[in-house]
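Asks: For reference, each letter of the sequence shown is one residue, going 20 to 409 in my numbering.
Idealized CB from N, CA, C, for every residue including glycine.
What follows is a single structure, and I will ask about it in a moment.
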Amino acid sequence: MKAYKFRIYPSKAQESEMMHHLWIAKNLWNELLFHAKMMYRDYERFPTRDAFQKMTKGSGLYSQAQQEIAHRVEGAIWRFCRLRKISRRAGFPRFKSLDRMKSIAYVQKGFRLGAKLKVTPFGEINMVKHREMEGGAKTLALKRESSGKWFAIFCVEEPPKVVKLNSGPRVGIDLGLQTFATLSDGNKITNPRHIRKYEERLAFLQRRLWHKHRGSRNRRKAKLRAARLYEKVKNSRRDFLHKTSKKLSDIYSLIALEDLSCQEMAETKLGKYINDAGWRTFSSMLCYKAENAGGKVVLVNPRGTTKTCSSCGKMQELQLSARVYACRGCGMVKDRDLNAAENILARATAGHAGSYACGEGAKETPLEEAGNQGHLPWCATTSLSHERAP
Ligand SMILES: [Zn+2]
Numbered sequence: 020m021k022a023y024k025f026r027i028y029p030s031k032a033q034e035s036e037m038m039h040h041l042w043i044a045k046n047l048w049n050e051l052l053f054h055a056k057m058m059y060r061d062y063e064r065f066p067t068r069d070a071f072q073k074m075t076k077g078s079g080l081y082s083q084a085q086q087e088i089a090h091r092v093e094g095a096i097w098r099f100c101r102l103r104k105i106s107r108r109a110g111f112p113r114f115k116s117l118d119r120m121k122s123i124a125y126v127q128k129g130f131r132l133g134a135k136l137k138v139t140p141f142g143e144i145n146m147v148k149h150r151e152m153e154g155g156a157k158t159l160a161l162k163r164e165s166s167g168k169w170f171a172i173f174c175v176e177e178p179p180k181v182v183k184l185n186s187g188p189r190v191g192i193d194l195g196l197q198t199f200a201t202l203s204d205g206n207k208i209t210n211p212r213h214i215r216k217y218e219e220r221l222a223f224l225q226r227r228l229w230h231k232h233r234g235s236r237n238r239r240k241a242k243l244r245a246a247r248l249y250e251k252v253k254n255s256r257r258d259f260l261h262k263t264s265k266k267l268s269d270i271y272s273l274i275a276l277e278d279l280s281c282q283e284m285a286e287t288k289l290g291k292y293i294n295d296a297g298w299r300t301f302s303s304m305l306c307y308k309a310e311n312a313g314g315k316v317v318l319v320n321p322r323g324t325t326k327t328c329s330s331c332g333k334m335q336e337l338q339l340s341a342r343v344y345a346c347r348g349c350g351m352v353k354d355r356d357l358n359a360a361e362n363i364l365a366r367a368t369a370g371h372a373g374s375y376a377c378g379e380g381a382k383e384t385p386l387e388e389a390g391n392q393g394h395l396p397w398c399a400t401t402s403l404s405h406e407r408a409p
């Protein structure tokens, strides 16, 4: 599935109608969630999908759209339960204010795309279709961003493509904060300066926002200003991630990354930093772009990648501030991130003479083969498929 996002320009009347629908959707979400909480309190189980769907009847939304809210609540609870099993940190889905209910979705029915976008209760909406879609749209989401702009997001099932196998070199990538990415062949990708400048300005606007009185007109204005800039930062960052991941997936046949979903990662690297959202997006972009370019992404266990010597395999403690890895065993001196990137690549290709490390095999590779001793086998998977529902 591929998502396309187009800007739409609803009329005043349409917009107020759409806002009204968001408001209903928000109330519906809250009601269903409340019901689920009560049911769990009394019977220690959650309502079924059918039960949720029955409760949405007569809400005033288009029938497809209200069912989709039921699915959303059910999905949120399901994800919560699943996360709870592996980590204690998961929080139960929250009640929403109107600001947090951003979209209404249509599955297969209720919309038609002509010169304008026709959506059942709202009529024809002006839309700027800046690119062609390959394939027919399966779902539509009407989304209101915090900046006040509206978008139509279509999910399209992609026709199968024949891809040539990429015969480029292999690379390990270490994602970081000071340098966005360090490649095992010595290349470095830095965070673009203009994005950092925006981010500083955004932080300033947000600090100022806290000093405004709640509910005041000034606060509303400041909030909108911050939201507009936030959107700009988000777009430039996404653009940067798209371009970078495209470039890398065109060049390399195998890209090794740290598996960000490993719990270890959450505790060591991400616990200290807040920037994981960008990394996650980047790694999922790499996954599908590499697949389209005939390459592969291998995710490896991040445990100890910075602490291990890429030359002799010994481990030693390394301070966070140390920029250079100096091995006490073999005397190797190397840039800290480069050392990590080389370890990441070594883990992805360990024990495989062929051109690709394959997912299931890599999981079972004994550690000794890589020359490392005394830690867990790494979890490696290949070419993850990513759902990109809005
Ligand atoms: Zn060494």
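Which of the three DSSP states is assigned to G297 in this structure?
Replies: Looking up residue 297 in the sequence shown gives position 278. G297: helix per DSSP, three-state reduction.
Asks: Pull up the DSSP beta-bridge partners for R131, would you.
Replies: On the sequence shown, position 112 is the one that residue 131 refers to. Looking at the DSSP assignment, R131 forms a beta bridge with K137.
Asks: By the 10 Å Cβ neighbour count, where 16 or more other Cβ atoms means buried, how is A160 classified, buried or exposed?
Replies: Translated into positions along the sequence shown, residue 160 becomes position 141. Per the 10 Å Cβ criterion, buried.
Asks: Considering just the uninterrupted stretch of the alpha helix (DSSP H) at T198, what are its terminal residues?
Replies: Counted from its first residue, the sequence shown places residue 198 at position 179. Per DSSP, T198 belongs to no alpha helix (DSSP H) and is neither H nor E.
Asks: Between which two residues does the beta strand (DSSP E) harbouring K315 extend?
Replies: Position 296 of the sequence shown, counting from 1, holds the residue named residue 315. Here the beta strand (DSSP E) through K315 covers 315-319.
Asks: In chain order, what residues of the same chain have a beta carbon less than 6 Å from the beta carbon of L276, not counting five sequence neighbours either side?
Replies: For this step, residue 276 is matched to residue 257 along the sequence shown. Here the set comprises I192, S302, L318.
Asks: Under 5 Å, CB to any heavy atom of ligand 1. Which residues pass, going along the chain?
Replies: Ordered along the chain, the selected set is C328, S330, C331, C346, G348, C349, M351.
Asks: By Cβ distance below 7 Å, which residues in the same chain neighbour W42 in space, the five residues on each side in sequence not counted?
Replies: For the purposes of this step, residue 42 is taken as the residue at position 23 of the sequence shown. So the qualifying residues of the chain are L117.
Asks: Let's test the definition: count the other Cβ atoms within 10 Å of the Cβ of R239 and tell me whether it reaches 16, buried, or not, exposed.
Replies: Walking along the sequence shown from the start, residue 239 turns up at place 220. So R239 ends up on the exposed side.
Asks: Grouping DSSP H, G and I as helix and E and B as strand, with all else coil, what is G142?
Replies: Within the sequence shown, the letter at position 123 stands for residue 142. Looking at G142 - three-state DSSP - the assignment turns out to be strand.
Asks: Let me check one thing: in DSSP terms, what residues is L194 bridge-paired to?
Replies: The residue given as residue 194 occupies position 175 in the sequence shown. Paired residues: A200.
Asks: So who's on the other strand from S122, going by DSSP bridges?
Replies: In the sequence shown, counting from the first residue as 1, residue 122 sits at position 103. The partner list for S122 (beta bridge, DSSP) reads K162.
Asks: If K251 and Y217 are in contact, beta carbons under 8 Å, what's the gap, nearest whole angstrom?
Replies: Residue numbering aside, residue 251 sits at position 232 when the sequence shown is read from its first letter. Residue numbering aside, residue 217 sits at position 198 when the sequence shown is read from its first letter. So it is a contact: roughly 6 Å between Cβ atoms.
Asks: Can you check which of these residues, T324, S186, E93, is closest to S203 by C-alpha distance?
Replies: Indexing the sequence shown from 1 puts residue 203 at position 184. With distances taken between Cα atoms, S203 lies closest to T324.
Asks: If you follow the alpha helix (DSSP H) that V182 is in, where does it begin and where does it stop?
Replies: Within the sequence shown, numbered from 1, the residue matching residue 182 stands at position 163. Here V182 belongs to no alpha helix (DSSP H), and DSSP marks it neither H nor E.
Asks: Unbroken beta strand (DSSP E) runs of length 3 or more, entirely within the segment 254-281: which are they?
Replies: As far as the segment 254-281 is concerned, its whole beta strand (DSSP E) runs of at least 3 residues are 273-277.
Asks: Using only alpha-carbon positions, find the residue among A22, Y81, L243, S35 that is nearest to C174.
Replies: Counting from 1 along the sequence shown, the entry for residue 174 is found at position 155. Nearest option by C-alpha distance: A22.
Asks: Specify, as a first and last residue, the run of the beta strand (DSSP E) that Y344 falls within.
Replies: On the sequence shown, position 325 is the one that residue 344 refers to. Looking at the DSSP string, the run of the beta strand (DSSP E) that includes Y344 is 343-345.
Asks: Check C349 in the structure and name its three-state DSSP category.
Replies: Here the question's residue 349 lines up with position 330 in the sequence shown. It is coil, neither helix nor strand.
Asks: Could you check how far apart the C-beta atoms of K115 and N210 are, in whole angstroms? I think they sit under 8 Å.
Replies: On the sequence shown, residue 115 is found 96 positions in, with the first residue counted as 1. On the sequence shown, residue 210 is found 191 positions in, with the first residue counted as 1. No, K115 and N210 are not in contact; Cβ-Cβ is about 33 Å, not under 8 Å.
Asks: Which first and last residues belong to the beta strand (DSSP E) in which L171 is found?
Replies: On the sequence shown, residue 171 is found 152 positions in, with the first residue counted as 1. Reading off the sequence shown, one finds Ala at residue 171, where the question assumed Leu. That run of the beta strand (DSSP E) goes 169-175.
Asks: Which residue comes first and which comes last in the beta strand (DSSP E) that contains A22?
Replies: In the sequence shown, the residue the question calls residue 22 occupies position 3. Per DSSP, A22 belongs to the beta strand (DSSP E) from 21-28.
Asks: Check K157 in the structure and name its three-state DSSP category.
Replies: In the sequence shown, residue 157 corresponds to position 138, counting from 1. Strand, per DSSP.
Asks: Consult DSSP for K31 and reduce its assignment to one of helix, strand or coil.
Replies: The sequence position of residue 31 within the sequence shown is 12, counting from 1. Residue state, collapsed to three classes: helix.
Asks: Around the Cβ of A360, are there at least 16 other Cβ atoms within 10 angstroms (buried) or fewer (exposed)?
Replies: Numbered from 1 along the sequence shown, position 341 holds the residue referred to as residue 360. With 16 or more other Cβ atoms within 10 Å, it is buried.
Asks: What number of angstroms, rounded off, separates the C-alpha of F130 from the C-alpha of R91?
Replies: Numbered from 1 along the sequence shown, position 111 holds the residue referred to as residue 130. Numbered from 1 along the sequence shown, position 72 holds the residue referred to as residue 91. Straight-line Cα distance between these residues: approximately 20 Å.
Asks: Measuring CA to CA, which of K231, R299, A246, S235 is closest to H261?
Replies: Counting from one through the sequence shown, the residue named residue 261 turns up at place 242. Of the candidates K231, R299, A246, S235, the one whose C-alpha sits nearest the C-alpha of H261 is R299.
Asks: By Cβ distance below 6 Å, which residues in the same chain neighbour L357 in space, the five residues on each side in sequence not counted?
Replies: Residue numbering aside, residue 357 sits at position 338 when the sequence shown is read from its first letter. Closer than 6 Å at Cβ, skipping near neighbours: T201.
Asks: Are G313 and N185 touching if we call contact CB-CB under 7 Å?
Replies: By 1-based counting over the sequence shown, the position of residue 313 is 294. By 1-based counting over the sequence shown, the position of residue 185 is 166. Against a cut-off of 7 Å, the Cβ pair of N185 and G313 comes out as a contact.
Asks: Okay, do the segment 51-67 and the segment 135-152 touch, 3+ Cβ pairs below 8 Å being the bar?
Replies: No, they do not touch.
Asks: Taking the straight line between their C-alpha atoms, what separation do you get for K135 and S255?
Replies: Position 116 of the sequence shown holds residue 135. Position 236 of the sequence shown holds residue 255. For K135 and S255, the distance between alpha carbons rounds to 28 Å.
Asks: Is K333 helix, strand or coil by DSSP?
Replies: Along the sequence shown, read from residue 1 onward, the residue named residue 333 stands at position 314. Looking at K333 - three-state DSSP - the assignment turns out to be coil, as it is neither helix nor strand.
Asks: Would you list the residues sitting across from V147 in a DSSP beta bridge?
Replies: As a first step, residue 147 is located in the sequence shown; it is residue number 128 there, counting from the start. Paired residue(s): R26.
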